Amino acid sequence: MTARGPASWLTAPGVALIACVFLAPFALLVAMSFWSQPNGTLLVDPTPTLVNYERIFSDGYYLRGLGRTLWLSLVTVAVSVVLGFPVAFWIARRAGRLRRLTMAVMLLPIVCGALLPTLGLVNLLSPLGIVNGTLKSLGLIDRSIPLLGTQTGILIGLVQAFLPMMVLPLVAVLDRLPPSYEEAAKSLGARPAQVWRRVVLPLAAPGLIAGSVLVFCASLTSFVTPQILGQGKIATFAAMTWQQASLVLDWPFASALAMVMLGLMAALGGAVLVLRRGARS
Amino acid sequence: MRRFALSGFTILVVLFTIAPLLVLVFSSFDDGKFFRFPPRELSLRWFRAAFASAEYRSSLFNSAVVGLLATIISVTLGTAAALGLQRGALKSRAALEMVLLAPLTLPLVIWAIALLQIYAWLGIGGTLPGLVLAHATFTLPFSVRVMLATLSAIDPGLELAARSLGARPWRAFARITLPLALPGLATSAALSFFISFNDVIVSTFIAGSSWMTFPVRLYSQLRGQGIDPTTLAIGTMVIASILIVVALSELFSRKALRT
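Chains A and B, in that order, are what the protein sequence lines are.
For the first sequence, my numbering assigns the number 1 to the initial residue and increments by one for each residue that follows.
For the second sequence, my numbering assigns the number 282 to the initial residue and increments by one for each residue that follows.
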């Protein structure tokens, strides 16, 4: 140790906590997914077997759940891009109090967790809730539109919960894009649409990709919002996993379901890396 | 014209983002057992019920205890780690940072499924130490991030000046850097506490009946019986305390900037 004082060993306790409590369990998950639990018992048989994976990929229930979840996640990403890009652009062009306020609002869903907003959404979307109540009193509908227990309701909840994950990386990227770039393109004769397509979009692409990956992974693995807003009628893949782990108590099978989600995310991450390398060379 | 369109769109999207929380607050003042819009009568009935309920009080107490203990660990380890990252050898910085921030990038549900099994083997499932350990882990990256930003804004020359005037390393740190880092410490403590307090994703896997936190109780109730208006009142109070803390820290940091 030199007299310079604290140095890298100060990271040791934090790194140890994450390595032991956070990263190590993932290793166990891999092993666990190849074990089995004989019917009717809670004892785990540690003989390596593919029985859990065979069950997932041969049972229509899980495959349909996976397809439904992938679809919901993709639509959530698409809607988040459409809603999030203009907002991020607006924030990046602001400074001072208004910017800080908007950023704080965007952070609120993260601090409030998954449940409090969901509680509000139930009252917003229920048959007697604010959306239906307003439409009825305006005379636009005479019977409530079902929103709870439908995919639309779940989508609204997912977009609301994960939009900040799209906006924050986009703001980080757009902050580094000075308005002078657009002005330069304009003064060289580019039309507004051309400025967007040729200047803004390529420079914002890393943020767009990062945000999309984050929103996709968050939607793919979310179970609280879909379960409450879907009223238990629409099972997403993560909700099925939760059910196996917490209610059925078949942990090897739950581990295999979790591994399928993890595998999908790893594939997505790998694809993004390959694409990026391809774009650079 | 296009400017106004962009601003208008932004306001709508921001409103959409906080609409659920606004509705939660609004509907907690509705007198009915089942919320309906437009409301018939407004009252504080559910707030009185919230204070009267021993059941909710105990789960809120559990959440607060877990949150406080996790916050202490998260802020202490997070500050130390940020200092180490900032002042330590640069070679390993990227790798260490990636490990420290891993809980932000890997999904917590998948982790919780693995943790559930490990906790069962260790026999700490559903116990206070088990919950605190898990909550400290997933709040740590927030502390690390905030403290990294805080420390990098502090001029290292100040501490060096104190040292050249004869202060010992620890004293120079405690008298110079620590006071300057106070706003950052407050922010990371508030973030850690509320993220822990509101967590349902991890806790619903590892919390048992002996240490049932408020969000876990709320979640199981929502799945089973639907909304109890008392929980709307509690939710409103949680949101109010978040806003108070944010406002206080804003005031606090502005004052710290001025002096």
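Even for Gly, the Cβ is constructed at its ideal location relative to N, Cα and C.
Remember, it's a predicted structure, so these values are computed and weren't measured experimentally.
In summary, W451 (chain B) is exposed, with fewer than 16 beta-carbon neighbours lying within 10 Å of its beta-carbon over all protein chains present. Around G359 (chain B), the same chain offers L421, S424, V425, M428 and S469 as residues with beta carbons nearer than 7 Å, after the five sequence neighbours per side are excluded. Taking 7 Å as the cut-off, the Cβ atoms of L382 (chain B) and V21 (chain A) do not count as close. In this structure the region 298 to 316 of chain B lies against the region 106 to 116 of chain A, because at least three pairs of beta carbons, one per stretch, are closer than 8 Å. Proximity to R99 (chain A) across A:V167, A:G120, A:E54 and A:I130 peaks at A:V167, based on C-alpha coordinates. With contacts defined by Cβ atoms closer than 7 Å, L503 (chain B) and I228 (chain A) form a contacting pair. Leaving aside the five residues that flank V81 (chain A) on each side, the residues in its chain whose CB is nearer than 8 Å to its CB run, in chain order, M166, L208, G211 and S212. With its beta carbon less than 7 Å from one in chain B, S8 (chain A) belongs to the interface. The region 391 to 410 of chain B makes contact with the region 25 to 45 of chain A; the number of CB pairs closer than 8 Å reaches 3 or more. Under DSSP, L387 (chain B) takes part in no beta bridge, so it has no partner.
S36 (chain A) has A:D45 as its beta-bridge partners, per DSSP.
Taking the Cα positions, V294 (chain B) is about 38 Å away from G60 (chain A). The bridge partners DSSP lists for D311 (chain B) are B:L323.
In this structure, the alpha-carbon of V51 (chain A) lies about 8 Å from that of F34 (chain A). E182 (chain A) and K372 (chain B) have their C-alpha atoms spaced approximately 38 Å apart.
Taking a C-beta distance under 7 Å as the contact criterion, L147 (chain A) and G139 (chain A) do not qualify as a contact pair.
By the Cβ criterion, the region 503 to 515 of chain B is in contact with the region 117 to 130 of chain A, since at least three pairs of Cβ atoms, one from each stretch, lie closer than 8 Å. Every unbroken stretch of the alpha helix (DSSP H) spanning 4 or more residues and falling wholly within the region 356 to 426 of chain B is given here in chain order: 374 to 381, 383 to 386 and 389 to 403.
Cα atoms of S187 (chain A) and A271 (chain A): separation of roughly 37 Å, rounded to the nearest angstrom. The alpha carbon of L220 (chain A) has as its nearest neighbour, out of A:W71, A:P169 and A:D250, the alpha carbon of A:W71. Judged by their CB atoms, T76 (chain A) and L135 (chain A) are not nearer to each other than the 7 Å cut-off.
Across the region 108 to 119 of chain A, CB contacts with chain B closer than 8 Å involve L108, P109, I110, V111, C112, G113, A114, L115, L116, P117, T118 and L119, in sequence order along the chain. At a cut-off of 7 Å, the C-beta of A254 (chain A) has a neighbouring C-beta in chain B.
With distances taken between CA atoms, D175 (chain A) lies nearest to A:A95 out of A:T69, A:A95, A:A258 and A:A267.
The DSSP-derived three-state label of P178 (chain A) is coil.
Within chain A, L83, G84, P86, V87 and L163 have C-beta atoms less than 8 Å from the C-beta of V294 (chain B), given in sequence order. Under the three-state reduction of DSSP, Q160 (chain A) is assigned to helix. Going by beta carbons, F419 (chain B) and P464 (chain B) fall outside the 7 Å limit. Less than 7 Å divides the Cβ of L499 (chain B) from the Cβ of T512 (chain B). Boundaries for A235 (chain A): no alpha helix (DSSP H) harbours it, and the DSSP string shows neither H nor E there. Using a Cβ distance threshold of 7 Å, L397 (chain B) and I487 (chain B) count as a contacting pair. Within the same chain, and ignoring the five residues on either side of A455 (chain B) in sequence, no residue has its Cβ closer than 7 Å to its Cβ. When Cβ-Cβ separations below 7 Å define contact, I234 (chain A) makes no contact with chain B. Sequence-distant partners of V497 (chain B) (beyond 5 residues in either direction) whose C-beta falls short of 8 Å from its own C-beta, in its chain, are S340, V481, S484, T485 and A488.
Residues of the region 323 to 346 of chain B that bring their beta carbon within less than 9 Å of a beta carbon in chain A are absent altogether. Here A279 (chain A) is exposed. Its C-beta has fewer than 16 other C-beta atoms within 10 Å.
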